[in-house]
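Participant: Would you mind keeping the following structure in view while I ask a few things?
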Amino acid sequence: MRFRLFQAEVRDVPYETFRKIRDRREVIMKHIQTLNTQILQNTVKKGGCGECQTSCQSACKTSCTVGNQTCEQHNK
Amino acid sequence: MIHRYYNNGYYIVLDVNSGAVHVVDELAYEVIGLYESRAREEIVEQLKGRWTEEEIREVLDDVEELKAQGTLFTEDTYKDQVIDFKKRSTVVKALCLHIAHDCNLACRYCFAEEGEYHGRRALMSYEVGKQALDFLIANSGNRRNLEVDFFGGEPLMNWQVVKDLVAYGREQEKLHDKKFRFTLTTNGILLNDEVQEFVNREMSNVVLSIDGRKEVNDKMRPFRNGHGSYDLIVPKFQKLAESRNQNNYYVRGTFTRNNLDFSEDVLHLADLGFKQISVEPVVAAPEEPYAIREEDIPALCEQYDKLAAEMVRRHGKENDFNFFHFMIDLTGGPCVYKRLSGCGSGTEYLAVTPWGDLYPCHQFVGNEKFLMGNVFDGVTNTELRDEFKCCNVYAKEKCQKCFAKFYCSGGCAANSYNFHGSINDAYDIGCELQKKRVECAIMIKAATAGLQTEAEDMRTETEGLQEGAGEACAECGAAECAQG
Chain P
26 MRFRLFQAEV RDVPYETFRK IRDRREVIMK HIQTLNTQIL QNTVKKGGCG ECQTSCQSAC
86 KTSCTVGNQT CEQHNK
Chain W
8 MIHRYYNNGY YIVLDVNSGA VHVVDELAYE VIGLYESRAR EEIVEQLKGR WTEEEIREVL
68 DDVEELKAQG TLFTEDTYKD QVIDFKKRST VVKALCLHIA HDCNLACRYC FAEEGEYHGR
128 RALMSYEVGK QALDFLIANS GNRRNLEVDF FGGEPLMNWQ VVKDLVAYGR EQEKLHDKKF
188 RFTLTTNGIL LNDEVQEFVN REMSNVVLSI DGRKEVNDKM RPFRNGHGSY DLIVPKFQKL
248 AESRNQNNYY VRGTFTRNNL DFSEDVLHLA DLGFKQISVE PVVAAPEEPY AIREEDIPAL
308 CEQYDKLAAE MVRRHGKEND FNFFHFMIDL TGGPCVYKRL SGCGSGTEYL AVTPWGDLYP
368 CHQFVGNEKF LMGNVFDGVT NTELRDEFKC CNVYAKEKCQ KCFAKFYCSG GCAANSYNFH
428 GSINDAYDIG CELQKKRVEC AIMIKAATAG LQTEAEDMRT ETEGLQEGAG EACAECGAAE
488 CAQG
């Protein structure tokens, strides 16, 4: 992960320089970080209460945006 | 099904069916790209020129672990096992009340045709509005939270009725154990202190229409005499936004072919002090000169990238802001049912005309083919309702292979109908822009997920190393020593 950030932030630094940093700090390179622990399969059992906001009532009136809605049960 | 992309320095892998988002390094990005089509040893062989075998195997182990956990390469198990759309019972939980089919502006792109919706000018009477609220309560089943948006035309042109209906709703919610969430969508021309005070007391959200820079706004949102509206509305909107502590409102704009550099408009609104911003592409018939064309898509995608990168730069600073279409909830977002069934138009969401007719949503109002009934007799066109009931992600061929299907839920039925004559299709330009917005939204999450500190650490340390790059190592004397 550090390597990716390294690439993103300090593009002009040679790879060897990066290796020096990594080796000296004894960083165990982790290649994958998962941002979310709540996965969709877990919502199958408890979902579907229908109390959540209707998407077009928020701030879009000409396109459908559902993924940004918050689960009402999660708010409780 | 996975979607891999690179954006603003981040390699991102979205596992579509679980919704899991993985931020990865370049090696993991390559491995995941090859994983389904190559055997393990083939992947090692293919990539070992750039990475060590040990590293590649480490990533392959990680990938297999994530797959076993159900967050990578997951199958779509929802289609057959979870939902029977035909059988599902639906209740009405939201109404878009067209409180005024009239407007004091003459916006050039207005789908309501300056408020009239292809029909006559009209204001909703208190009696019709009251009946609409009764209809909503009676048809809402066990749903407690009910939403009512005062929409138009311009709802402030019928302000007394709005206030009376809110009062009626507050009475009724106590009697029926319901909770009304009222919202208002306004162009701000008639906004004053009295309206502001009422809105802040009663409305859970307010949508304030403005397109951005003065010249952009005034070109498309003029008065009927041709004069622009920007100078009149900006101070009012700023005052209202502050009075709501910069929460529970949106300034909402529309961009057209006239301002393909729309990120400038979003940033203009942010620089005016607005913290809650929504700016959407116009949806217009292709022959309109301001309609977005397919050839505009690359430029618009660049604009979204530019805007997203700027939002990352502003994150946590005084000038940061929220952009509605980059909002994405990765931890407490909607359940599968919601994601599959979409906006609910024609079933749980209906629009009411000033005289009480029911339509599947505000965009269908005026098209007699979509008349569903009225607030006095209820939904009488049950065939049409059932058609909307079955409108979902799986009913749309185009959505099957799309990574964004659980974020837009199949898109807007009205747009689909307007461009393809069917609610079960998809508006293609809208799809491309939606996909880009989802990518940007996830990138912003990745960029603001607490990884910056690590990046800063690396930068500081790297700078230190580079400064001393020409010096020999103190321990062994070599210029390129791994000891540092």
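Which chain is which? The protein sequence lines are P and W, in order.
Sequence positions in the first sequence follow this note's numbering and run 26 to 101.
Sequence positions in the second sequence follow this note's numbering and run 8 to 491.
Every residue, glycine too, gets a C-beta built ideally from N, C-alpha and C.
Here the structure is a predicted model, which means the values were calculated and not measured.
Looking at the secondary structure, which residues open and close the alpha helix (DSSP H) in which glutamine 310 of chain W lies?
Facilitator: By one-based count along the second sequence, residue 310 of chain W stands at place 303. First-last of the alpha helix (DSSP H) with glutamine 310 of chain W: 304-321.
Participant: Please state if the CB of cysteine 368 of chain W and the CB of alanine 421 of chain W are separated by a distance shorter than 8 Å.
Facilitator: Translated into the one-based positions of the second sequence, residue 421 of chain W becomes position 414. Translated into the one-based positions of the second sequence, residue 368 of chain W becomes position 361. Taking 8 Å as the Cβ cut-off, alanine 421 of chain W and cysteine 368 of chain W qualify as a contacting pair.
Participant: Within the same chain, show all residues whose beta-carbon is closer than 6 Å to that of valine 5 of chain W, passing over the 5 residues directly before and after it, in chain order.
Facilitator: Residue 5 of chain W is absent from the structure shown; chain W starts at 8 and stops at 491.
Participant: Report the rounded CA-to-CA distance for phenylalanine 371 of chain W versus methionine 379 of chain W, giving the unit in angstroms.
Facilitator: Stepping through the second sequence from its first residue, residue 371 of chain W is reached at position 364. Stepping through the second sequence from its first residue, residue 379 of chain W is reached at position 372. C-alpha separation (whole angstroms): 10 Å.
Participant: Report the residue from W:Leu357, W:Tyr116, W:Thr97, W:Arg346 whose alpha carbon sits nearest the alpha carbon of lysine 226 of chain W.
Facilitator: Translated into the one-based positions of the second sequence, residue 226 of chain W becomes position 219. Nearest C-alpha to lysine 226 of chain W: W:Tyr116.
Participant: Check whether the stretch 267-276 of chain W and the stretch 141-157 of chain W touch, using three or more Cβ-Cβ pairs below 8 Å as the test.
Facilitator: No, the stretch 267-276 of chain W is not in contact with the stretch 141-157 of chain W.
Participant: Just the Cα atoms here: how many angstroms apart are arginine 27 of chain P and asparagine 61 of chain P?
Facilitator: As a first step, residue 27 of chain P is located in the first sequence; it is residue number 2 there, counting from the start. As a first step, residue 61 of chain P is located in the first sequence; it is residue number 36 there, counting from the start. Interpretation of arginine 27 of chain P is limited by its pLDDT of 41, a score under 50 that renders its predicted location unreliable; no figure is taken from the coordinates.
Participant: So what's glycine 235 of chain W in DSSP terms, helix, strand or just coil?
Facilitator: Locating residue 235 of chain W in the second sequence gives position 228, counting from the first residue. Here glycine 235 of chain W sits in strand by DSSP.
Participant: Could you give the residue range of the beta strand (DSSP E) that holds valine 382 of chain W?
Facilitator: By 1-based counting over the second sequence, the position of residue 382 of chain W is 375. It is not in any beta strand (DSSP E) - valine 382 of chain W carries neither H nor E in the DSSP assignment.
Participant: Given a cut-off of 8 Å, decide if lysine 403 of chain W and valine 28 of chain W are closer than it, judged by their beta-carbon atoms.
Facilitator: Here residue 28 of chain W refers to the residue found at position 21 of the second sequence. Here residue 403 of chain W refers to the residue found at position 396 of the second sequence. No.
Participant: How many Å lie between valine 91 of chain P and asparagine 165 of chain W at the Cα?
Facilitator: Position 66 of the first sequence, counting from 1, holds the residue named residue 91 of chain P. Position 158 of the second sequence, counting from 1, holds the residue named residue 165 of chain W. Taking the straight line from one Cα to the other gives about 31 Å.
Participant: For asparagine 24 of chain W, which option in W:Cys447, W:Arg444, W:Thr455, W:Val400 has the closest C-alpha, if you only look at C-alpha atoms?
Facilitator: As a first step, residue 24 of chain W must be located in the second sequence, where it is residue number 17. Closest option to asparagine 24 of chain W, Cα to Cα, is W:Val400.
Participant: Indicate whether the contact test is met: 3 or more Cβ pairs, each with one atom in the stretch 339-349 of chain W and one in the stretch 310-326 of chain W, closer than 8 Å.
Facilitator: Taking 8 Å as the limit for Cβ pairs, the verdict is that the stretch 310-326 of chain W does not touch the stretch 339-349 of chain W.
Participant: Specify the secondary structure class of threonine 360 of chain W as computed by DSSP and reduced to three states.
Facilitator: For the purposes of this step, residue 360 of chain W is identified with residue 353 of the second sequence, where counting begins at 1. In the structure shown, threonine 360 of chain W sits in coil (DSSP, three-state: anything other than H, G, I, E or B).
Participant: Output needed in chain order: residues of the stretch 23-37 of chain W with a Cβ under 8 Å from some Cβ in chain P.
Facilitator: Here the close residues are Asn24, Ser25, Gly26, Ala27, Val28, His29, Val30, Val31, Asp32, Glu33, Leu34, Ala35.
Participant: Using the rule of at least 16 other Cβ atoms within 10 Å of the residue's Cβ for burial, across every protein chain shown, is asparagine 199 of chain W buried or exposed?
Facilitator: For this step, residue 199 of chain W is matched to residue 192 along the second sequence. Exposed.
Participant: Can you find the residues in the same chain that come closer than 7 Å, C-beta to C-beta, to glutamine 78 of chain P, ignoring five residues on each side of it along the sequence?
Facilitator: The count along the first sequence starts at 1 and reaches residue 78 of chain P at position 53. If we look at glutamine 78 of chain P and ignore the five residues flanking it on each side, its Cβ neighbours are Gln94.
Participant: Under the assumption that glycine 349 of chain W contacts cysteine 398 of chain W (Cβ atoms under 8 Å), give the Cβ distance between them as a whole number of angstroms.
Facilitator: Within the second sequence, the letter at position 342 stands for residue 349 of chain W. Within the second sequence, the letter at position 391 stands for residue 398 of chain W. Indeed they touch by this definition, with Cβ atoms about 7 Å apart.
Participant: Tell me where the alpha helix (DSSP H) around cysteine 447 of chain W begins and ends.
Facilitator: Translated into positions along the second sequence, residue 447 of chain W becomes position 440. Note, cysteine 447 of chain W: alpha helix (DSSP H), 435-454.
Participant: Does the distance from the C-beta atom of leucine 104 of chain W to that of valine 155 of chain W stay below 8 Å?
Facilitator: Here residue 104 of chain W refers to the residue found at position 97 of the second sequence. Here residue 155 of chain W refers to the residue found at position 148 of the second sequence. Contact flag set, yes.
Participant: Do we get a CB-CB distance below 8 Å when we pair leucine 314 of chain W with the residues of chain P?
Facilitator: Sequence index remark: in the second sequence, residue 314 of chain W carries index 307 (1-based). Closer than 8 Å: no.
Participant: Could you check what DSSP says for valine 23 of chain W in three-state terms: helix, strand or coil?
Facilitator: As a first step, residue 23 of chain W must be located in the second sequence, where it is residue number 16. Valine 23 of chain W: coil per DSSP, three-state reduction.
Participant: In this structure, does DSSP put arginine 64 of chain W in helix, strand or coil?
Facilitator: On the second sequence, position 57 is the one that residue 64 of chain W refers to. DSSP places arginine 64 of chain W in helix when its eight states are reduced to three.
Participant: Please decide whether glutamate 48 of chain W counts as near chain P, where near means a Cβ-Cβ distance under 8 Å.
Facilitator: The residue labelled residue 48 of chain W in the question sits at position 41 within the second sequence. Not closer than 8 Å to any Cβ of chain P, the Cβ of glutamate 48 of chain W fails to qualify, so no.
Participant: Since I believe histidine 183 of chain W is in contact with glycine 373 of chain W (beta carbons under 8 Å), could you give me their beta-carbon distance rounded to a whole number of angstroms?
Facilitator: As a working mapping, residue 373 of chain W is identified with position 366 in the second sequence. As a working mapping, residue 183 of chain W is identified with position 176 in the second sequence. At roughly 32 Å, the Cβ-Cβ gap does not stay under 8 Å, so glycine 373 of chain W and histidine 183 of chain W are not in contact.
Participant: Looking at the unbroken beta strand (DSSP E) that takes in histidine 105 of chain W, where does it start and where does it end?
Facilitator: For this step, residue 105 of chain W is matched to residue 98 along the second sequence. That run of the beta strand (DSSP E) goes 101-105.
Participant: Locate the alpha helix (DSSP H) running through histidine 125 of chain W, then write down its first and last residues.
Facilitator: Taking the second sequence and counting its residues from 1, the one referred to as residue 125 of chain W is at position 118. Element bounds for histidine 125 of chain W: n/a, residue is neither H nor E.
Participant: Go ahead and label histidine 234 of chain W buried or exposed: buried means 16 or more other beta carbons lie within 10 angstroms of its beta carbon, across all protein chains shown.
Facilitator: Against the second sequence, residue 234 of chain W aligns to sequence position 227. Exposed.
Participant: Just checking: is the beta-carbon of leucine 104 of chain W within a distance shorter than 8 Å of some beta-carbon in chain P?
Facilitator: Taking the first residue of the second sequence as position 1, residue 104 of chain W is located at position 97. It does not: the Cβ of leucine 104 of chain W has no partner Cβ on chain P nearer than 8 Å.
Participant: Glutamine 53 of chain W by DSSP, collapsed to three states: which one?
Facilitator: For the purposes of this step, residue 53 of chain W is identified with residue 46 of the second sequence, where counting begins at 1. In this structure, glutamine 53 of chain W counts as helix in the three-state DSSP scheme.
Participant: Tell me whether tyrosine 13 of chain W is buried or exposed, calling it buried when 16 or more other Cβ atoms sit within 10 Å of its Cβ.
Facilitator: Position 6 of the second sequence, counted from the start, is the residue given in the question as residue 13 of chain W. Burial call: exposed.
Participant: Give me the DSSP bridge partner(s) of arginine 228 of chain W.
Facilitator: The count along the second sequence starts at 1 and reaches residue 228 of chain W at position 221. DSSP output for arginine 228 of chain W lists no bridge partner at all.
Participant: For the 8 Å Cβ check, are there 3 or more pairs between the stretch 350-365 of chain W and the stretch 129-142 of chain W?
Facilitator: The stretch 350-365 of chain W is in contact with the stretch 129-142 of chain W.
Participant: What is the C-beta distance between asparagine 15 of chain W and methionine 450 of chain W, in whole angstroms, given that I count them as a contact (C-beta under 8 Å)?
Facilitator: Within the second sequence, numbered from 1, the residue matching residue 15 of chain W stands at position 8. Within the second sequence, numbered from 1, the residue matching residue 450 of chain W stands at position 443. 5 Å between Cβ atoms; contact.
Participant: Could you give the residue range of the beta strand (DSSP E) that holds leucine 65 of chain P?
Facilitator: For this step, residue 65 of chain P is matched to residue 40 along the first sequence. Per DSSP, leucine 65 of chain P belongs to no beta strand (DSSP E) and is neither H nor E.
Participant: Using the rule of at least 16 other Cβ atoms within 10 Å of the residue's Cβ for burial, across every protein chain shown, is valine 57 of chain W buried or exposed?
Facilitator: Your numbering for residue 57 of chain W matches position 50 in the second sequence. Residue 57 of chain W is actually arginine in this sequence, not valine. The residue is exposed, with fewer than 16 neighbouring Cβ atoms inside 10 Å.
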